[in-house]
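S.K.:
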Amino acid sequence: MALPEGFMQELKSRSDIADIVSSYVSLRRRGRNLVGLCPFHSEKTPSFNLYPETGSFYCFGCGAGGDVITFVRRI
16 MALPEGFMQE LKSRSDIADI VSSYVSLRRR GRNLVGLCPF HSEKTPSFNL
66 YPETGSFYCF GCGAGGDVIT FVRRI
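Numbering-wise, the sequence shown is residues 16 to 90 according to my numbering.
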C-alpha cells in the first residue's frame, strides 16, 4: 500500500536526516557534509556521505543513496 505523495513530502520536511542517521552511524563533519562507516555493507574506511543541505546520503562503496525515507526503509 503506497502512502500519498503529499504525506511523504511532509514527512521528509519534518525529519532531520542527520539526527536519524546518527542513531545508526557514527558521523564526523567533513566540510559541510558528514561522513561515516556505511551501515549497509562492511568497511573499514568511511565511504558513507551525508549531505544535510539536500537531505540526502550516498555511499561511494556500495552505491546506496537517497533521502531520509530511503535510509529508514533500507535500515
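Even glycine gets a Cβ: it sits at the ideal position worked out from N, Cα and C.
Please state if the CB of Pro19 and the CB of Val40 are separated by a distance shorter than 8 Å.
M.R.: Translated into the one-based positions of the sequence shown, residue 40 becomes position 25. Translated into the one-based positions of the sequence shown, residue 19 becomes position 4. Not a contact, by the Cβ cut-off of 8 Å.
S.K.: Report yes if the C-beta distance between Glu58 and Leu52 is below 8 Å; otherwise report no.
M.R.: Looking up residue 58 in the sequence shown gives position 43. Looking up residue 52 in the sequence shown gives position 37. For Glu58 and Leu52, yes; Cβs fall inside 8 Å.
S.K.: Within 10 angstroms of its Cβ, does Phe63 collect 16 or more other Cβ (buried), or is it exposed?
M.R.: As a first step, residue 63 must be located in the sequence shown, where it is residue number 48. That one is buried.
S.K.: Less than 8 Å between the beta carbons of Lys27 and Val83, yes or no?
M.R.: Your numbering for residue 27 matches position 12 in the sequence shown. Your numbering for residue 83 matches position 68 in the sequence shown. The answer is yes: Cβ separation under 8 Å.
S.K.: Under the DSSP definition of a beta bridge, which residues are partnered with Ser71?
M.R.: The count along the sequence shown starts at 1 and reaches residue 71 at position 56. Paired residues: Tyr66 and Asp82.
S.K.: CA-CA distance, Leu42 and Ala17?
M.R.: The sequence position of residue 42 within the sequence shown is 27, counting from 1. The sequence position of residue 17 within the sequence shown is 2, counting from 1. In a straight line, the C-alpha of Leu42 is about 31 Å away from that of Ala17.
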